[in-house]
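Visitor:
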Amino acid sequence: DAGVIQSPRHEVTEMGQEVTLRCKPISGHNSLFWYRQTMMRGLELLIYFNNNVPIDDSGMPEDRFSAKMPNASFSTLKIQPSEPRDSAVYFCASSTTTGLTGELFFGEGSRLTVL
Amino acid sequence: QKEVEQNSGPLSVPEGAIASLNCTYSDRGSQSFFWYRQYSGKSPELIMFIYSNGDKEDGRFTAQLNKASQYVSLLIRDSQPSDSATYLCAVLSGGSYIPTFGRGTSLIVHP
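Chains as they are written, first to last, in my numbering: chain V, 212 to 326; chain F, 575 to 685.
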C-alpha cells in the first residue's frame with residue numbers, strides 16, 4: 212500500500228511568494244495532521260483534521276497560513292505571503308481513530324526554503 | 575500547556591552497549607506513550623508504544639513507563655550503528671487524538 216504522499220519534496224521560493232504544499236493520506240485513514248519541524252522548535256502541530264473537518268488549528272502561526280481538506284484523499288497547506296522564518300520541513304501525517312490511536316504515518320516531508 | 579521534555583543530546587554510545595533515552599511529560603492525564611525514530615533527512619516512524627506502567631519489550635527495544643513519576647524511557651540493547659537517529663517521544667492525553675511530541679534525542683552509536 213502507498214504511504215502518505217506529499218508534494219513537492221523540495222521548494223525554494225522568494226519572500227512574498229505563495230507556497231502550496233499537498234498531501235494525500237493513506238486510504239481509509241480519517242485523521243490528518245500537518246506538522247512543521249525545525250531544529251529550534253522541533254515538531255510542531257499546525258492543524259488537525261478529522262473526517263475532513265478542521266478540529267484543532269491552534270498551531271497555525273498566523274493568517275498567512277491556511278489549510279484545507281476538500282475530501283478524504285487530499286489536503287493542502289498554503290502560505291501566503293511566505294517569509295524566511297517559514298523555512299522548515301513540513302510533514303503531513305495520517306492515522307485512523309479506529310486503530311492504534313497515536314500511531315501516525317508520516318509522509319516524506321516537504322522541505323521549504325524561503326529566501 | 576502540555577509539555578514533553580527530552581534531552582537533545584547527542585547521546586553517544588559504543589556499539590554493543592545499552593542506550594537509554596528518557597522523556598518526561600507534564601500532563602498527568604496522559605494515557606498513551608510512543609517512541610518514534612527519525613533518521614537524518616527522513617520522516618518519523620513508530621517503533622514502540624506503551625500504555626501501562628512497567629516494561630514492554632520488543633526485540634532489542636524496551637519501553638519503560640512510570641506514570642507516578644511522569645516519565646517514559648526507551649532502552650536499546652546491543653546498540654548498532656544503524657540505530658543512530660533521533661528518537662522522538664510522543665504523548666497522548668486521554669480522549670485526544672493529537673499526540674504531543676518532544677524535540678527528540680539524537681543517538682550516535684559508534685563502532
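Backbone N, C-alpha and C define an ideal beta-carbon position, used for all residues, glycine too.
So what's S600/F in DSSP terms, helix, strand or just coil?
Guide: Position 26 of the second sequence, counted from the start, is the residue given in the question as residue 600/F. Looking at S600/F - three-state DSSP - the assignment turns out to be coil, as it is neither helix nor strand.
Visitor: Given that a residue counts as buried once 16 or more other Cβ atoms are within 10 Å of its Cβ, and exposed if not, what is S656/F?
Guide: Residue mapping note: residue 656/F aligns to position 82 of the second sequence, counting from 1. That one is exposed.
Visitor: L620/F and F635/F: beta carbons closer than 9 Å?
Guide: Numbered from 1 along the second sequence, position 46 holds the residue referred to as residue 620/F. Numbered from 1 along the second sequence, position 61 holds the residue referred to as residue 635/F. Their beta carbons are not under 9 Å apart, which means L620/F does not touch F635/F by this criterion.
Visitor: Is the stretch 214-227 of chain V touching the stretch 301-317 of chain V, taking contact as three or more C-beta pairs under 8 Å?
Guide: yes
Visitor: Within the same chain, show all residues whose beta-carbon is closer than 7 Å to that of Y613/F, passing over the 5 residues directly before and after it, in chain order.
Guide: Taking the first residue of the second sequence as 1, we reach residue 613/F at position 39. Hits under 7 Å: A659.
Visitor: Go ahead and pull the three-state DSSP assignment for D274/V.
Guide: Taking the first sequence and counting its residues from 1, the one referred to as residue 274/V is at position 63. Secondary structure of D274/V (DSSP, three-state): coil.
Visitor: With a threshold of 8 Å, are at least 3 pairs of Cβ atoms found where one atom belongs to the stretch 638-653 of chain F and the other to the stretch 233-246 of chain V?
Guide: no
Visitor: Within 9 Å of any Cβ in chain F, is that where the Cβ of T324/V sits?
Guide: To locate residue 324/V, count along the first sequence from 1; it is residue 113. At least 9 Å separates the CB of T324/V from every CB of chain F.
Visitor: Excluding five sequence neighbours on each side, which residues of the same chain lie with their C-beta closer than 7 Å to the C-beta of Q291/V?
Guide: Position 80 of the first sequence holds residue 291/V. These residues qualify, in order along the chain: E229, R275.
Visitor: Give the residues of chain V in contact with A664/F, contact being defined as C-beta atoms less than 9 Å apart.
Guide: To locate residue 664/F, count along the second sequence from 1; it is residue 90. Within 9 Å Cβ-Cβ: L254, G313, L315.
Visitor: Would you identify the three-state DSSP class for D632/F, choosing helix, strand or coil?
Guide: As a first step, residue 632/F is located in the second sequence; it is residue number 58 there, counting from the start. Here D632/F sits in strand by DSSP.
Visitor: Using 8 Å for Cβ pairs, my map puts G676/F next to Q580/F. What's the rounded Cβ distance?
Guide: The residue labelled residue 676/F in the question sits at position 102 within the second sequence. The residue labelled residue 580/F in the question sits at position 6 within the second sequence. Their Cβ separation, rounded to whole angstroms, is 4 Å, which keeps G676/F and Q580/F in contact under 8 Å.
Visitor: Excluding the 5 residues flanking V680/F on each side, which residues of the same chain have their C-beta closer than 6 Å to its C-beta?
Guide: Residue mapping note: residue 680/F aligns to position 106 of the second sequence, counting from 1. A small fix is needed here, since residue 680/F is Ser in this sequence, not Val. Cβ neighbours of S680/F beyond the five flanking positions: G583, P584, T660.
Visitor: Looking at the C-beta of R611/F, does it have a partner C-beta in chain V at a distance below 9 Å?
Guide: As a first step, residue 611/F is located in the second sequence; it is residue number 37 there, counting from the start. Not an interface residue.
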